[in-house]
């Protein structure tokens, strides 16, 4: 009998999105799979569990939001396991799962694993940490981790909209702070003042920004880099509208693909990794780990 390590975050997402532990175990057991449950109690637990135990099982099942999935990926990557991951998304936004059309139905997840629907995906490396779909800095990027878990659990994705535009974006829009950065990548060096930057391996961010027109592939060994230069308050709203329309034809925006880049700043810059606070740094080295994680998922347009 194959064994499944279940890593469950009991606080992730709204109750209506959470799969019952008994239902998960039943779905997998009915297909000849034996589940062993471990529940997280604090931040970092999922990483520790995946690191210590991930290689001892036939697959690791992550039940939580994108933050929990990020922790599991970090544990697997640091340990060097190639253990297949099964993701049951039950967070507030589930950007990564939505992009891949991964269901939170344990029956479907168990069947996909039995059917061998396992695909290899790129993972981003940010200094000594890993991210599954996005690393970002600048205006608004702190919204996801500054929104309380209680509020997110109560109203889900709407919490980001309320917290973002009412409590954060509107108050800071009148005193935008640009960051002077030196960015080195395979096609040269860029040095300028930037308000926002995102290095991603996804097609959707917070259900707001999409990259349908960028030819995103999540296993091609490339990251999509979007940079927004310093602008005034009036220009911010215009650029925001363009981003919503996926119109990147503006001299204040840069969009390119690369497999690695180095960013140098004059001061510590806070970063968000997969929706969670990723630390503050002056020197950042970011690269792609091509097809580093094996994930149970349906075939889709983001795979080559």
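Residue numbers (the numbering used here): 78 to 381. The beta carbon of each residue, even a glycine, is placed where N, CA and C say it ideally should be.
Is the beta carbon of residue i less than 9 Å from the beta carbon of residue j?
i: residue 161; j: residue 174; result: no
i: residue 195; j: residue 372; result: yes
i: residue 338; j: residue 300; result: yes
i: residue 87; j: residue 124; result: no
i: residue 330; j: residue 348; result: no
i: residue 323; j: residue 379; result: no
i: residue 381; j: residue 296; result: yes
i: residue 75; j: residue 365; result: Lying outside 78 to 381, the shown extent of the chain, residue 75 is not represented and no answer is given.
I'd like the list of long-range same chain contacts for residue i, defined as Cβ closer than 7 Å, with 5 residues on each side in sequence excluded.
i: residue 350; result: 147, 203, 206, 208 and 212
i: residue 210; result: 172, 173, 277, 278, 279 and 351
i: residue 98; result: 85 and 114
i: residue 377; result: 177 and 178
With which residues is residue i paired in a DSSP beta bridge?
i: residue 366; result: 200
i: residue 111; result: 80
i: residue 257; result: 270
i: residue 141; result: 166
i: residue 180; result: Bridge partners of residue 180: none, in fact.
i: residue 331; result: 304
i: residue 207; result: 202
i: residue 265; result: 262
i: residue 372; result: 162 and 196
Count the other CB atoms within 10 Å of the CB of residue i; is the residue buried (16 or more) or exposed (fewer)?
i: residue 78; result: exposed
i: residue 343; result: exposed
i: residue 392; result: There is simply no residue 392 to check, as the chain begins at 78 and stops at 381 in what is shown.
i: residue 151; result: buried
i: residue 281; result: buried
i: residue 214; result: buried
i: residue 328; result: exposed
i: residue 357; result: exposed
i: residue 119; result: exposed
i: residue 370; result: buried
i: residue 81; result: buried
i: residue 44; result: As shown, the chain starts at 78 and ends at 381. That puts residue 44 outside it, with no answer to give.
i: residue 315; result: exposed
i: residue 305; result: buried
Starting from residue i, trace the alpha helix (DSSP H) in both directions and tell me its first and last residue.
i: residue 340; result: Run containing residue 340: none in the alpha helix (DSSP H); it sits in the beta strand (DSSP E), 337-350.
i: residue 310; result: 310-321
i: residue 126; result: 122-130
i: residue 102; result: 98-106
Does any residue of chain C have a CB that is nearer than 9 Å to the CB of residue i?
i: residue 304; result: Note that chain C does not occur in the displayed structure, where there is just one protein chain.
Quick one: does the C-beta of residue i sit closer than 8 Å to a heavy atom of the ligand GTP?
i: residue 272; result: Because no ligand of any kind appears in the structure shown, any question about the ligand GTP cannot be addressed here.
Just to confirm my understanding: we take residue i, look at its own chain, exclude 5 residues before and 5 after, and list those with CB closer than 6 Å. What are they?
i: residue 144; result: 352 and 353
i: residue 286; result: 320
i: residue 187; result: 104, 105 and 108
Quick one: give me the first and last residue of the beta strand (DSSP E) that residue i is part of.
i: residue 215; result: 211-215
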